Amino acid sequence: MKEIISSTPAMLLLVVGSYYLGTMLYRRLRSAWVHPVAVGMILTLIALLVLDIDYPTFQAGTAFLDFLLGPTVVALGYLLYEQIEHLRGREITIFIATAVGGLIGIASVILLGHLFGLDSILIASLQPKSATMPIALPLSARWGGLPSITAIVVFITGIIGSLIGPWLLDKCGITHPIARGLALGSASHGIGTSRAIELGALEGAVSGLAIGLTGVAISLLLPLVEWMM
Amino acid sequence: MIIKGVCIILSFYFLGMGMSHLIGGIVPGSVCGMLLLFVALCLRIVHPDSVRSVARALTQNMAVLFVPAGVGIMAQYEAIARNWVGIITITLVSTVFVLLSTGATAQYLNRCFKNKTTNTRK
Numbered sequence: 001m002k003e004i005i006s007s008t009p010a011m012l013l014l015v016v017g018s019y020y021l022g023t024m025l026y027r028r029l030r031s032a033w034v035h036p037v038a039v040g041m042i043l044t045l046i047a048l049l050v051l052d053i054d055y056p057t058f059q060a061g062t063a064f065l066d067f068l069l070g071p072t073v074v075a076l077g078y079l080l081y082e083q084i085e086h087l088r089g090r091e092i093t094i095f096i097a098t099a100v101g102g103l104i105g106i107a108s109v110i111l112l113g114h115l116f117g118l119d120s121i122l123i124a125s126l127q128p129k130s131a132t133m134p135i136a137l138p139l140s141a142r143w144g145g146l147p148s149i150t151a152i153v154v155f156i157t158g159i160i161g162s163l164i165g166p167w168l169l170d171k172c173g174i175t176h177p178i179a180r181g182l183a184l185g186s187a188s189h190g191i192g193t194s195r196a197i198e199l200g201a202l203e204g205a206v207s208g209l210a211i212g213l214t215g216v217a218i219s220l221l222l223p224l225v226e227w228m229m
Numbered sequence: 001m002i003i004k005g006v007c008i009i010l011s012f013y014f015l016g017m018g019m020s021h022l023i024g025g026i027v028p029g030s031v032c033g034m035l036l037l038f039v040a041l042c043l044r045i046v047h048p049d050s051v052r053s054v055a056r057a058l059t060q061n062m063a064v065l066f067v068p069a070g071v072g073i074m075a076q077y078e079a080i081a082r083n084w085v086g087i088i089t090i091t092l093v094s095t096v097f098v099l100l101s102t103g104a105t106a107q108y109l110n111r112c113f114k115n116k117t118t119n120t121r122k
């Protein structure tokens with residue numbers, strides 16, 4: 001019986017089913033506090049504890065989903081192509097702004113990390129936090145972090161940006177739709193982009209573009225930072 | 001044709017892994033694959049129609065893939081519990097920095113380019 005409960009189809013169903021319940025709950029309540037990913041994670045965790053399944057077993061059963069993160073990043077190349085077509089003539093602004101955001105994100109984590117006395121593993125886990133999840137996870141592993149910590153931090157980064165982003169940008173006089181969309185997408189990846197889409201079509205489009213570009217910027221900046229340290 | 005799209009995505013993932021290996025692994029293979037696919041689309045080596053459906057299916061549903069990664073805190077619970085104040089504070093402050101630096105840079109550059117175009121028109 002134990003073998004069936006901890007088999008690959010059971011583990012995949014557990015993850016996909018928990019996430020599906022999360023999307024249904026989200027549709028009902030429409031609140032950022034019940035994000036389907038968070039609900040899916042909590043339900044999966046509870047089920048693993050109740051069924052007494054250990055993490056290595058779960059990890060082996062869900063290896064297929066981990067693999068799919070790779071092709072998903074490659075597919076982002078298509079999204080980048082599709083969105084950049086709509087924003088011709090503004091490429092330089094968009095490239096520079098996302099590169100600045102990526103650099104500030106990494107530098108601030110390193111400086112604050114030392115200030116708070118975090119060890120190098122935690123700092124490496126926090127560094128790629130503004131990158132989209134499928135890019136942030138391999139970056140964390142590559143530069144000495146723990147991807148599972150990165151997963152939580154990337155998610156929290158998304159929620160923070162979507163909750164305070166529009167308010168903060170208002171307060172600081174950042175009113176241009178392109179600037180607002182870029183800020184939300186660069187800081188808070190996909191979760192920030194869903195918020196940007198609510199602000200307007202242009203905000204949403206630029207924000208979507210910023211997801212891929214920020215991921216690339218952080219991927220290219222991390223080896224540079226590592227080399228300088 | 002889904003299979004064609006899957007083949008193209010996997011080919012670029014494979015090429016990306018090769019490229020990543022050649023540059024000493026400093027950029028993950030998937031990110032290299034993404035850049036190669038982007039370039040191939042721009043140069044019309046790959047027709048956008050051939051990858052559209054697969055690319056959309058993957059990117060529109062990627063959130064479900066984050067669940068197993070997050071469940072990994074099961075194994076790393078202690079590291080988070082011991083440093084949660086620092087982790088949350090750094091995440092909050094750094095996110096505010098990124099929001100403002102990206103937004104301010106974009107707004108500034110937009111204004112520069114706008115002035116330039118109006119000047120040349122005069």
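Protein chains in written order, with this note's numbering: chain A, 1 to 229; chain B, 1 to 122.
No residue lacks a Cβ here, since even glycine has one placed at the ideal position from N, Cα and C.
Note that the structure is predicted; figures quoted are calculated from it, not measured.
The continuous alpha helix (DSSP H) containing alanine 60 (chain A) extends over residues 55 to 61.
If you look at isoleucine 191 (chain A), you'll find it in the alpha helix (DSSP H) that goes 177 to 199. Counting only residues of its own chain and dropping the five nearest sequence neighbours on each side, leucine 29 (chain A) has no CB closer than 8 Å to any other CB.
Here serine 162 (chain A) is buried. Its C-beta has 16 or more other C-beta atoms within 10 Å. Sequence-ordered contacts of the stretch 70 to 82 of chain B with chain A read Gly70, Val71, Gly72, Ile73, Met74, Ala75, Gln76, Ala79 and Ile80 [C-beta pairs closer than 7 Å].
Contact check for leucine 202 (chain A) against glycine 181 (chain A) passes: the beta carbons are separated by less than 8 Å.
Boundaries of the alpha helix (DSSP H) around threonine 44 (chain A): 36 to 51. Using a Cβ-Cβ cut-off of 8 Å, arginine 180 (chain A) is close to Gly103 of chain B, given in chain order.
In this structure, leucine 126 (chain A) and serine 219 (chain A) do not form a Cβ contact; the two beta carbons are roughly 16 Å apart against a cut-off of 8 Å.
Taking 8 Å as the threshold, the shortest C-beta distance from lysine 129 (chain A) to chain B falls below it.
Distances from the alpha-carbon of alanine 106 (chain B) to those of A:Ser207, A:Arg142, A:Leu221 and A:Pro223 put A:Ser207 closest. Of the residues assessed, histidine 35 (chain A) falls on the buried side of the cut-off, its CB having 16 or more other CB atoms within 10 angstroms. With a threshold of 16 other beta carbon atoms within 10 Å, phenylalanine 14 (chain B) falls short and is exposed.
If you look at glutamine 60 (chain B), you'll find it in the alpha helix (DSSP H) that goes 48 to 60. Below the 7 Å Cβ cutoff, chain A contributes Tyr81 as neighbours of cysteine 42 (chain B), in chain order. Counting other Cβ atoms within 10 Å of its Cβ, methionine 1 (chain B) stays below 16 and is therefore classed as exposed. With a threshold of 8 Å between beta carbons, glycine 16 (chain B) makes contact with chain A. Residue A:Leu79 holds the alpha-carbon nearest to the alpha-carbon of glycine 215 (chain A) among A:Leu79, A:Ile4, A:Ile42 and A:Arg27. The beta-carbon of isoleucine 2 (chain B) is placed no less than 8 Å from the nearest beta-carbon of chain A. Any Cβ of chain A closer than 8 Å to the Cβ of leucine 22 (chain B) would place that residue at the interface, and such an atom is absent. From the beta-carbon of serine 53 (chain B), no residue of chain A is found nearer than 7 Å; the closest lies around 10 Å away. For methionine 17 (chain B), the secondary structure class from DSSP, reduced to helix, strand or coil, is helix. By the beta-carbon neighbour count (other beta carbons within 10 angstroms, threshold 16), cysteine 32 (chain B) is buried. For the pair threonine 44 (chain A) and valine 71 (chain B), the CB atoms are nearer than the 8 Å cut-off. For the pair of segments examined, the stretch 66 to 82 of chain A was found to touch the stretch 45 to 64 of chain B: the number of CB pairs separated by less than 8 Å reaches three. Contact of isoleucine 174 (chain A) with chain B by beta-carbon distance below 7 Å involves Gly103, Ala104 and Gln107.
Under the DSSP assignment, methionine 34 (chain B) falls in the alpha helix (DSSP H) whose first and last residues are 29 to 42. Glycine 185 (chain A) is positioned such that its CB atom lies closer than 8 Å to that of threonine 193 (chain A).
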